[in-house]
Amino acid sequence: MTDVLLSPANFWFSIALIAVFFVFILELISTIFGASFLGLGDDFAEVDGEGFLSTSLANWLNINKVPFLIYLVVLLTLFGLAGLMLNGLTASIFSIILPAAIAVPLALITGLLVTAKTVKIIASVLPSVESSAVNSEDFIGSVAEITIGKASRGNPAEAKFTDHYSQPHFVLVEPFEDEELFAQGERVILVQKNQHSWLATRYL
Numbered sequence: 024m025t026d027v028l029l030s031p032a033n034f035w036f037s038i039a040l041i042a043v044f045f046v047f048i049l050e051l052i053s054t055i056f057g058a059s060f061l062g063l064g065d066d067f068a069e070v071d072g073e074g075f076l077s078t079s080l081a082n083w084l085n086i087n088k089v090p091f092l093i094y095l096v097v098l099l100t101l102f103g104l105a106g107l108m109l110n111g112l113t114a115s116i117f118s119i120i121l122p123a124a125i126a127v128p129l130a131l132i133t134g135l136l137v138t139a140k141t142v143k144i145i146a147s148v149l150p151s152v153e154s155s156a157v158n159s160e161d162f163i164g165s166v167a168e169i170t171i172g173k174a175s176r177g178n179p180a181e182a183k184f185t186d187h188y189s190q191p192h193f194v195l196v197e198p199f200e201d202e203e204l205f206a207q208g209e210r211v212i213l214v215q216k217n218q219h220s221w222l223a224t225r226y227l
C-alpha cells in the first residue's frame with residue numbers, strides 16, 4: 024500500500040492526502056487547547072467586490088460558501104482520491120499509468136467539480152457556517168477572547184467568539200490603538216474588519 028501511495032505516478036495525489044492528514048492532526052491538537060485552524064479561514068472567505076471571490080467562476084465553484092480552509096481541505100481530499108482512483112482504473116483496465124501531465128489536470132478538474140457540489144451541501148446543512156463566510160461584517164461589536172498569543176498593532180493574535188447562531192469563530196485580532204496590547208485571556212470588542220484580521224478595542 025505504501026509503495027502505491029509513494030509511487031511517482033501518485034506523488035501529487037499522496038502529497039494532497041498527507042497534507043489533509045496533517046491539517047486534521049493540527050486541528051485535533053488545537054481543539055484540545057480551545058483553538059481552531061479551520062476557523063481562521065473565515066477571514067479569507069470574504070473580499071471586496073473587485074476580488075477573486077467575486078468572479079463568476081469562483082461563485083460557480085462555491086468558494087465563498089464555507090471558510091476557505093474548509094474548502095481547501097475538501098478540495099485536497101477529493102483531488103487526491105480522484106487521482107488515485109484514476110490511476111487505479113487505468114492500471115487495471117488498460118495496464119497503463121497516465122503521466123502526471125495528464126493525470127493531475129484531470130484529477131484537479133474532477134476535484135473542483137465535486138468540491139463545488141460538496142461544499143454546497145455542507146453550507147446547506149450548516150447554514151451558520153455559510154452565513155459567517157458571507158456576512159462577517161455582522162460580527163462588528165462582538166466580544167471575543169484572546170486564545171493564543173499576545174496582540175499588538177501589526178502583530179495579531181487568535182481570538183474566539185460566538186455568533187448569534189451559537190457558532191464559534193476564531194479570528195485574528197490586533198488593537199485599534201497603536202500602543203495597545205492584548206494578552207491571552209483578555210476580552211475585546213471587534214470594531215473594524217481588515218483584509219486578514221480584525222481591529223479591536225478592550226472590553227471594559
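Take 24 as the starting number for the sequence shown in our numbering and just add one per residue.
Where a beta carbon is used, it is the ideal one built from N, C-alpha and C, also for glycine.
Note that the coordinates shown come from a computational prediction; the quantities given were computed from them, not determined experimentally.
Range covered by the beta strand (DSSP E) that runs through residue i
i      : result
ALA32  : Here ALA32 belongs to no beta strand (DSSP E), and DSSP marks it neither H nor E.
VAL214 : 210 to 216
VAL194 : 191 to 198
ALA223 : 221 to 225
Whether residue i touches residue j by CB criterion (8 Å)
i      : j      : result
VAL142 : VAL89  : yes
LEU95  : LEU109 : no
LEU179 : SER147 : Residue identity check: residue 179 is Pro in the sequence provided, not Leu. Their beta carbons are not under 8 Å apart, which means PRO179 does not touch SER147 by this criterion.
GLY106 : ALA130 : yes
PHE193 : GLU209 : no
LEU84  : LEU135 : yes
Beta-carbon proximity list for residue i, same chain, < 6 Å, skipping 5 on both sides
i      : result
VAL127 : TRP35
THR138 : VAL97, LEU98 and LEU101
GLU153 : Caution applies to GLU153, whose pLDDT of 42 falls short of 50 and renders its modelled position unreliable; the value that the coordinates give is listed next. Once the five neighbours on either side are set aside, the close Cβ partners of GLU153 are LYS88 and ALA146.
Residues bridged to residue i [DSSP beta-bridge criterion]
i      : result
ILE171 : GLU181
ARG176 : None, per the DSSP bridge assignment.
VAL166 : ILE212
LEU204 : SER175
Residues near residue i in its chain [Cβ-Cβ closer than 7 Å; skip 5 each side]
i      : result
ALA39  : LEU99, PHE102 and GLY103
ALA206 : ILE169 and LYS173
THR224 : PHE199, VAL211, ILE212 and VAL214
GLN218 : none
ASP42  : The question names Asp, but residue 42 in the sequence shown is Ala. Excluding sequence neighbours, ALA42 sits near LEU99.
Residue from the options with nearest C-alpha to residue i
i      : options                           : result
SER160 : ASP186, SER30 and ARG176          : In the sequence on display, residue 160 carries Glu and not Ser. With distances taken between Cα atoms, GLU160 lies closest to ASP186.
LYS216 : LEU84, PRO198, SER147 and GLY106  : PRO198
PHE47  : GLN218, LEU92 and LYS140          : LEU92
ASN33  : GLU50, ALA114 and ASN82           : ALA114
ILE144 : SER165, ALA167 and ILE86          : ILE86
LEU204 : SER189, LEU222, PRO191 and GLN218 : LEU222
LEU227 : VAL166, PHE45 and SER37           : VAL166
ASN82  : SER30, LYS140, ILE119 and VAL43   : LYS140
Range covered by the alpha helix (DSSP H) that runs through residue i
i      : result
ASN85  : Element bounds for ASN85: n/a, residue is neither H nor E.
ALA105 : 91 to 117
PRO122 : Unbroken run through PRO122: none, as it is neither H nor E.
Same chain, Cβ closer than 8 Å to residue i, five either side skipped, listed in chain order
i      : result
ASP201 : ARG176
ILE163 : LEU213, VAL214, GLN215 and LYS216
PHE184 : PHE162, SER165, VAL166, ALA167, GLU168, PRO191, HIS192, VAL194 and LEU213
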